[in-house]
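> I'd like to ask you about the structure that follows.
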(Lines of atoms letter the chains of each structure in order from A and count residues from 1; the text may use other names and numbers.)
(Lines give C-alpha, C1' and ligand atoms only; values in the text may rest on other atoms or scores of the structure.)
Protein backbone atom coordinates (compact mmCIF):
# COMPACT_ATOMS: atom_id res chain seq x y z
CA UNK A 1 0.00 0.00 0.00
CA UNK A 2 1.41 3.39 -0.99
CA UNK A 3 1.37 6.21 1.56
CA UNK A 4 1.44 9.86 0.52
CA UNK A 5 4.05 12.26 1.85
CA UNK A 6 1.34 14.24 3.64
CA UNK A 7 0.35 11.17 5.66
CA UNK A 8 3.93 10.55 6.78
CA UNK A 9 4.34 14.14 7.93
CA UNK A 10 1.06 15.07 9.53
CA UNK A 11 0.46 11.89 11.55
CA UNK A 12 3.27 12.58 14.09
CA UNK A 13 2.18 16.23 14.23
CA UNK A 14 -1.30 15.16 15.30
CA UNK A 15 0.14 12.92 18.00
CA UNK A 16 2.38 15.68 19.31
CA UNK A 17 -0.54 18.10 19.42
CA UNK A 18 -2.63 15.63 21.40
CA UNK A 19 0.17 15.17 23.92
CA UNK A 20 0.52 18.93 24.33
CA UNK A 21 -3.17 19.33 25.02
CA UNK A 22 -2.84 16.91 27.96
CA UNK A 23 -0.65 19.45 29.74
CA UNK A 24 2.48 18.78 31.79
CA UNK A 25 5.68 20.41 32.95
CA UNK A 26 7.40 19.98 29.60
CA UNK A 27 4.51 21.50 27.61
CA UNK A 28 6.57 24.54 26.59
CA UNK A 29 9.40 22.34 25.33
CA UNK A 30 7.01 20.25 23.28
CA UNK A 31 5.45 23.38 21.79
CA UNK A 32 8.90 24.60 20.82
CA UNK A 33 9.70 21.20 19.30
CA UNK A 34 6.44 21.26 17.33
CA UNK A 35 7.17 24.73 15.94
CA UNK A 36 10.66 23.59 14.99
CA UNK A 37 9.22 20.57 13.17
CA UNK A 38 6.77 22.74 11.26
CA UNK A 39 9.52 25.14 10.26
CA UNK A 40 11.45 22.27 8.69
CA UNK A 41 8.60 21.27 6.37
CA UNK A 42 9.09 22.53 2.82
CA UNK A 43 5.48 23.38 2.03
CA UNK A 44 6.22 24.40 -1.54
CA UNK A 45 7.77 21.04 -2.32
CA UNK A 46 5.01 19.19 -0.48
CA UNK A 47 2.18 20.89 -2.37
CA UNK A 48 3.90 20.63 -5.75
CA UNK A 49 3.72 16.88 -5.37
CA UNK A 50 -0.06 17.22 -5.21
CA UNK A 51 -0.49 19.73 -8.03
CA UNK A 52 1.85 20.24 -11.00
CA UNK A 53 2.51 23.75 -12.35
CA UNK A 54 -0.34 25.32 -14.29
CA UNK A 55 1.79 25.80 -17.38
CA UNK A 56 0.24 24.33 -20.52
CA UNK A 57 1.18 24.28 -24.23
CA UNK A 58 -0.30 26.86 -26.58
CA UNK A 59 -0.66 24.56 -29.61
CA UNK A 60 -2.47 21.31 -30.39
CA UNK A 61 0.88 19.71 -31.17
CA UNK A 62 2.12 20.72 -27.74
CA UNK A 63 -0.80 18.84 -26.17
CA UNK A 64 -0.02 15.94 -28.54
CA UNK A 65 -3.49 16.12 -30.07
CA UNK A 66 -4.69 16.54 -33.65
CA UNK A 67 -7.91 16.31 -35.65
CA UNK A 68 -8.17 13.28 -37.93
CA UNK A 69 -9.82 13.11 -41.36
CA UNK A 70 -13.23 12.70 -39.68
CA UNK A 71 -12.77 15.88 -37.67
CA UNK A 72 -12.30 13.95 -34.43
CA UNK A 73 -9.81 15.08 -31.79
CA UNK A 74 -7.36 12.26 -31.16
CA UNK A 75 -4.06 11.78 -29.33
CA UNK A 76 -1.17 11.76 -31.79
CA UNK A 77 0.56 8.74 -30.23
CA UNK A 78 -2.26 6.60 -28.85
CA UNK A 79 -5.13 7.57 -31.13
CA UNK A 80 -7.39 7.85 -28.09
CA UNK A 81 -10.02 10.61 -27.58
CA UNK A 82 -9.40 13.43 -25.13
CA UNK A 83 -9.08 12.30 -21.52
CA UNK A 84 -10.20 14.80 -18.89
CA UNK A 85 -8.77 13.00 -15.86
CA UNK A 86 -5.21 13.15 -17.12
CA UNK A 87 -3.95 13.29 -13.52
CA UNK A 88 -5.82 11.33 -10.88
CA UNK A 89 -7.27 13.26 -7.91
CA UNK A 90 -6.24 16.63 -9.39
CA UNK A 91 -9.58 17.98 -10.58
CA UNK A 92 -8.51 21.65 -10.51
CA UNK A 93 -5.39 20.97 -12.57
CA UNK A 94 -7.35 18.80 -15.02
CA UNK A 95 -9.95 21.54 -15.40
CA UNK A 96 -7.27 24.16 -16.16
CA UNK A 97 -5.71 21.81 -18.70
CA UNK A 98 -9.12 21.27 -20.31
CA UNK A 99 -9.73 25.03 -20.50
CA UNK A 100 -6.30 25.69 -22.03
CA UNK A 101 -6.92 23.07 -24.73
CA UNK A 102 -10.41 24.49 -25.29
CA UNK A 103 -8.96 27.92 -26.07
CA UNK A 104 -6.73 26.40 -28.74
CA UNK A 105 -9.63 24.45 -30.28
CA UNK A 106 -11.77 27.59 -30.33
CA UNK A 107 -9.14 29.40 -32.41
CA UNK A 108 -8.84 26.34 -34.66
CA UNK A 109 -12.61 26.29 -35.30
CA UNK A 110 -12.55 30.00 -36.15
CA UNK A 111 -9.82 29.31 -38.71
CA UNK A 112 -11.87 26.49 -40.25
CA UNK A 113 -14.96 28.70 -40.52
CA UNK A 114 -12.94 31.36 -42.31
CA UNK A 115 -10.82 29.10 -44.55
CA UNK A 116 -13.13 26.18 -45.32
CA UNK A 117 -16.55 27.83 -45.09
CA UNK A 118 -15.40 31.23 -46.38
CA UNK A 119 -17.06 33.04 -43.48
CA UNK A 120 -15.84 36.37 -42.29
CA UNK A 121 -15.24 37.01 -38.60
CA UNK A 122 -16.74 40.39 -37.79
CA UNK A 123 -16.21 42.12 -34.47
CA UNK A 124 -19.19 43.93 -32.99
CA UNK A 125 -20.45 46.48 -33.98
CA UNK A 126 -19.51 45.91 -37.68
CA UNK A 127 -22.25 44.41 -39.92
CA UNK A 128 -22.62 41.35 -42.19
CA UNK A 129 -25.52 39.61 -43.90
CA UNK A 130 -25.01 36.04 -42.70
CA UNK A 131 -24.45 35.83 -38.98
CA UNK A 132 -23.04 33.18 -36.66
CA UNK A 133 -23.67 34.40 -33.13
CA UNK A 134 -21.06 33.90 -30.43
CA UNK A 135 -23.08 34.24 -27.19
CA UNK A 136 -20.43 32.59 -25.03
CA UNK A 137 -17.86 35.36 -25.43
CA UNK A 138 -19.11 37.96 -22.99
CA UNK A 139 -15.88 39.27 -21.47
CA UNK A 140 -12.12 39.28 -21.72
CA UNK A 141 -9.75 38.52 -18.87
CA UNK A 142 -6.84 40.84 -18.18
CA UNK A 143 -4.31 40.82 -15.41
CA UNK A 144 -5.43 42.88 -12.47
CA UNK A 145 -3.21 45.97 -12.07
CA UNK A 146 -1.21 46.01 -8.89
CA UNK A 147 -2.20 48.65 -6.40
CA UNK A 148 0.53 51.17 -5.70
CA UNK A 149 1.19 51.64 -2.03
CA UNK A 150 0.94 55.28 -1.06
CA UNK A 151 3.25 56.53 1.61
CA UNK A 152 1.78 58.55 4.46
CA UNK A 153 1.97 62.32 4.11
CA UNK A 154 3.77 62.74 7.41
CA UNK A 155 6.14 59.81 6.91
CA UNK A 156 9.04 62.10 6.13
CA UNK A 157 8.75 63.67 9.57
CA UNK A 158 9.42 60.35 11.34
CA UNK A 159 12.92 59.60 12.60
CA UNK A 160 14.94 57.37 10.29
CA UNK A 161 15.25 54.65 12.97
CA UNK A 162 11.46 54.51 13.42
CA UNK A 163 10.85 54.28 9.66
CA UNK A 164 13.38 51.48 9.33
CA UNK A 165 11.74 49.56 12.16
CA UNK A 166 8.28 49.96 10.56
CA UNK A 167 9.61 48.81 7.19
CA UNK A 168 11.23 45.78 8.80
CA UNK A 169 7.99 44.81 10.55
CA UNK A 170 6.04 45.31 7.33
CA UNK A 171 8.43 43.05 5.40
CA UNK A 172 8.24 40.35 8.06
CA UNK A 173 4.43 40.52 8.04
CA UNK A 174 4.35 40.21 4.25
CA UNK A 175 6.80 37.29 4.41
CA UNK A 176 4.56 35.41 6.84
CA UNK A 177 1.45 36.18 4.80
CA UNK A 178 3.11 34.97 1.60
CA UNK A 179 4.25 31.82 3.40
CA UNK A 180 0.74 30.85 4.46
CA UNK A 181 -0.69 31.91 1.08
CA UNK A 182 1.70 29.48 -0.62
CA UNK A 183 0.54 26.76 1.72
CA UNK A 184 -3.11 27.50 0.92
CA UNK A 185 -2.63 27.90 -2.82
CA UNK A 186 0.89 26.87 -3.92
CA UNK A 187 0.19 27.36 -7.62
CA UNK A 188 -1.31 30.81 -7.19
CA UNK A 189 -2.41 32.19 -10.53
CA UNK A 190 -2.15 35.78 -11.60
CA UNK A 191 -4.93 37.93 -10.25
CA UNK A 192 -7.25 38.45 -13.18
CA UNK A 193 -10.22 40.71 -13.70
CA UNK A 194 -13.10 40.36 -16.14
CA UNK A 195 -13.91 43.20 -18.51
CA UNK A 196 -17.43 42.62 -19.80
CA UNK A 197 -18.21 43.56 -23.39
CA UNK A 198 -20.55 46.53 -23.50
CA UNK A 199 -24.18 45.47 -24.09
CA UNK A 200 -22.97 41.88 -24.55
CA UNK A 201 -22.25 40.86 -20.98
CA UNK A 202 -24.38 37.69 -21.20
CA UNK A 203 -25.70 35.33 -23.91
CA UNK A 204 -29.13 36.93 -23.56
CA UNK A 205 -27.73 40.44 -24.00
CA UNK A 206 -25.68 39.29 -26.97
CA UNK A 207 -28.75 37.85 -28.73
CA UNK A 208 -30.71 41.08 -28.26
CA UNK A 209 -27.73 43.20 -29.40
CA UNK A 210 -27.21 41.18 -32.57
CA UNK A 211 -30.93 41.34 -33.31
CA UNK A 212 -31.13 45.11 -32.86
CA UNK A 213 -27.94 45.98 -34.74
CA UNK A 214 -27.86 43.33 -37.48
CA UNK A 215 -30.90 41.11 -38.01
CA UNK A 216 -33.62 43.72 -37.51
CA UNK A 217 -31.84 46.07 -39.89
CA UNK A 218 -31.17 43.48 -42.59
CA UNK A 219 -33.13 43.31 -45.84
CA UNK A 220 -33.91 39.61 -45.32
CA UNK A 221 -37.63 38.88 -45.44
CA UNK A 222 -37.33 35.42 -43.93
CA UNK A 223 -35.07 34.73 -40.96
CA UNK A 224 -34.38 31.24 -39.61
CA UNK A 225 -32.80 30.44 -36.26
CA UNK A 226 -30.83 27.37 -35.20
CA UNK A 227 -30.29 27.58 -31.45
CA UNK A 228 -28.38 24.91 -29.54
CA UNK A 229 -28.57 24.26 -25.78
CA UNK A 230 -28.44 27.60 -23.91
CA UNK A 231 -28.99 29.32 -27.23
CA UNK A 232 -32.62 28.25 -27.00
CA UNK A 233 -32.96 30.06 -23.70
CA UNK A 234 -31.36 33.15 -25.24
CA UNK A 235 -33.85 33.02 -28.13
CA UNK A 236 -36.84 32.83 -25.77
CA UNK A 237 -35.46 35.85 -23.91
CA UNK A 238 -35.14 37.64 -27.25
CA UNK A 239 -38.79 36.91 -27.96
CA UNK A 240 -39.81 38.23 -24.56
CA UNK A 241 -38.03 41.52 -25.21
CA UNK A 242 -38.72 41.86 -28.95
CA UNK A 243 -41.89 39.80 -29.46
CA UNK A 244 -43.55 41.82 -32.22
CA UNK A 245 -40.32 42.28 -34.22
CA UNK A 246 -39.39 38.60 -34.00
CA UNK A 247 -42.85 37.45 -35.09
CA UNK A 248 -42.80 39.76 -38.12
CA UNK A 249 -39.35 38.71 -39.36
CA UNK A 250 -38.64 35.12 -38.19
CA UNK A 251 -40.11 32.30 -40.26
CA UNK A 252 -39.05 29.27 -38.23
CA UNK A 253 -36.82 28.28 -35.32
CA UNK A 254 -34.96 25.00 -34.92
CA UNK A 255 -33.85 24.25 -31.37
CA UNK A 256 -31.38 21.47 -30.65
CA UNK A 257 -31.44 20.09 -27.13
CA UNK A 258 -32.51 23.50 -25.89
CA UNK A 259 -32.48 24.19 -22.15
CA UNK A 260 -35.10 26.95 -22.31
CA UNK A 261 -38.07 26.91 -19.95
CA UNK A 262 -41.08 29.06 -20.86
CA UNK A 263 -42.38 28.96 -17.28
CA UNK A 264 -39.17 29.97 -15.52
CA UNK A 265 -38.53 32.63 -18.13
CA UNK A 266 -42.12 33.83 -17.78
CA UNK A 267 -42.89 33.75 -21.49
CA UNK A 268 -46.41 34.99 -22.17
CA UNK A 269 -49.27 33.05 -23.70
CA UNK A 270 -48.87 34.65 -27.15
CA UNK A 271 -45.18 33.66 -27.21
CA UNK A 272 -45.97 30.07 -26.25
CA UNK A 273 -48.61 29.86 -28.97
CA UNK A 274 -46.20 31.25 -31.59
CA UNK A 275 -43.53 28.76 -30.55
CA UNK A 276 -45.93 25.83 -30.87
CA UNK A 277 -46.56 26.79 -34.49
CA UNK A 278 -43.12 27.96 -35.60
CA UNK A 279 -40.54 26.10 -33.48
CA UNK A 280 -39.35 22.53 -33.16
CA UNK A 281 -36.86 21.14 -30.65
CA UNK A 282 -34.62 18.23 -31.70
CA UNK A 283 -33.66 16.69 -28.37
CA UNK A 284 -31.09 14.07 -27.37
CA UNK A 285 -32.75 10.67 -27.52
CA UNK A 286 -31.90 7.09 -28.43
CA UNK A 287 -35.02 6.99 -30.62
CA UNK A 288 -34.67 7.27 -34.42
CA UNK A 289 -34.39 10.72 -35.95
CA UNK A 290 -37.65 12.75 -35.89
CA UNK A 291 -39.47 10.36 -33.56
CA UNK A 292 -41.92 12.35 -31.46
CA UNK A 293 -40.78 12.87 -27.85
CA UNK A 294 -43.23 13.79 -25.10
CA UNK A 295 -42.71 16.98 -23.13
CA UNK A 296 -44.02 18.36 -19.85
CA UNK A 297 -43.97 21.89 -21.28
CA UNK A 298 -46.53 22.89 -23.95
CA UNK A 299 -44.20 25.25 -25.80
CA UNK A 300 -43.14 23.55 -29.03
CA UNK A 301 -42.98 20.05 -30.56
CA UNK A 302 -40.08 17.86 -29.47
CA UNK A 303 -38.58 15.19 -31.70
CA UNK A 304 -35.53 12.97 -31.44
CA UNK A 305 -32.24 14.22 -32.86
CA UNK A 306 -31.24 10.62 -33.52
CA UNK A 307 -28.51 10.67 -30.87
CA UNK A 308 -28.36 10.66 -27.09
CA UNK A 309 -25.24 12.83 -27.10
CA UNK A 310 -26.02 16.46 -26.39
CA UNK A 311 -23.13 17.87 -28.40
CA UNK A 312 -24.13 15.97 -31.56
CA UNK A 313 -27.80 16.95 -31.67
CA UNK A 314 -27.30 19.84 -34.12
CA UNK A 315 -25.17 17.87 -36.55
CA UNK A 316 -27.38 14.78 -36.48
CA UNK A 317 -30.60 16.72 -37.04
CA UNK A 318 -29.43 19.08 -39.81
CA UNK A 319 -31.18 17.16 -42.64
CA UNK A 320 -34.49 17.39 -40.79
CA UNK A 321 -33.89 21.00 -39.80
CA UNK A 322 -33.39 22.18 -43.39
CA UNK A 323 -36.43 20.24 -44.50
CA UNK A 324 -38.36 21.95 -41.70
CA UNK A 325 -37.12 25.34 -42.89
CA UNK A 326 -38.09 24.56 -46.50
CA UNK A 327 -41.61 23.57 -45.44
CA UNK A 328 -41.94 26.72 -43.32
CA UNK A 329 -40.76 28.91 -46.20
CA UNK A 330 -43.24 27.31 -48.60
CA UNK A 331 -46.04 27.67 -46.08
CA UNK A 332 -45.21 31.34 -45.58
CA UNK A 333 -45.24 32.02 -49.30
CA UNK A 334 -48.68 30.40 -49.52
CA UNK A 335 -49.82 32.05 -46.28
CA UNK A 336 -50.04 28.69 -44.52
CA UNK A 337 -48.33 27.41 -41.39
CA UNK A 338 -46.21 24.23 -41.56
CA UNK A 339 -47.72 21.16 -39.95
CA UNK A 340 -45.32 19.88 -37.32
CA UNK A 341 -46.01 16.16 -37.30
CA UNK A 342 -43.81 13.14 -37.06
CA UNK A 343 -44.74 12.18 -40.61
CA UNK A 344 -43.86 15.54 -42.11
CA UNK A 345 -40.43 15.58 -40.45
CA UNK A 346 -39.47 11.94 -40.67
CA UNK A 347 -36.62 11.35 -43.10
CA UNK A 348 -35.84 7.84 -44.17
CA UNK A 349 -32.39 6.58 -43.34
CA UNK A 350 -31.92 5.71 -47.04
CA UNK A 351 -32.14 9.44 -47.85
CA UNK A 352 -29.39 10.22 -45.33
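Numbering (the working numbering), first residue to last: 135 to 486.
Glycine included, each C-beta is placed from N, C-alpha and C at the ideal position.
Please look up how many angstroms separate the CB atoms of residue 325 and residue 250, rounded, as I've assumed it's under 8 Å.
So it is not a contact: roughly 39 Å between Cβ atoms.
> Taking the Cβ atom as the reference point for each residue, do residue 239 and residue 192 lie within a distance shorter than 8 Å?
No, the pair does not count as a contact, with Cβ atoms beyond the cut-off.
> Assuming residue 272 and residue 331 are in contact, meaning their beta carbons sit under 8 Å apart, how far apart are those beta carbons, in whole angstroms?
With 8 Å as the limit, residue 272 and residue 331 qualify as a contact, their Cβ atoms being about 6 Å apart.
> Tell me the residue span of the alpha helix (DSSP H) that contains residue 373.
It spans 364-375 - the alpha helix (DSSP H) in which residue 373 sits, taken as one unbroken run.
> Looking at the unbroken beta strand (DSSP E) that takes in residue 393, where does it start and where does it end?
Unbroken run through residue 393: none, as it is neither H nor E.
> Measure the beta-carbon distance from residue 235 to residue 201 and round it to whole angstroms, keeping in mind my assumption that it falls under 8 Å.
About 12 Å separates the two Cβ atoms, so there is no contact after all.
> Which residues mark the beginning and the end of the alpha helix (DSSP H) in which residue 341 is found?
It spans 337-344 - the alpha helix (DSSP H) in which residue 341 sits, taken as one unbroken run.
> Which one of 383, 436, 411, 407 has the shortest CA to CA distance from residue 461?
Per the Cα distances, 411.
> Just curious, the beta strand (DSSP E) that residue 201 is in, first and last residue?
From DSSP, the beta strand (DSSP E) with residue 201 extends over 199-201.
> Taking the alpha helix (DSSP H) that residue 406 falls in, what are its first and last residues?
Per DSSP, residue 406 belongs to the alpha helix (DSSP H) from 403-412.
> If the criterion is Cβ atoms closer than 8 Å, does the pair residue 357 and residue 390 meet it?
For residue 357 and residue 390, no; Cβs fall outside 8 Å.
> So, with DSSP's three-state summary, where would you put residue 358?
Strand.
> According to DSSP, is residue 240 part of a helix, a strand, or is it coil?
If DSSP states are grouped into helix, strand and coil, residue 240 belongs with the helices.
> For the alpha helix (DSSP H) that residue 210 lies in, which residues bound it at each end?
Careful: residue 210 lies outside any alpha helix (DSSP H) and carries neither H nor E.
> Could you spell out where the alpha helix (DSSP H) holding residue 349 opens and where it closes?
Premise fails: residue 349 is in no alpha helix (DSSP H) and is neither H nor E.
> Which class does residue 224 belong to by DSSP, given the choice of helix, strand or coil?
The answer is coil: DSSP assigns residue 224 none of H, G, I, E or B.
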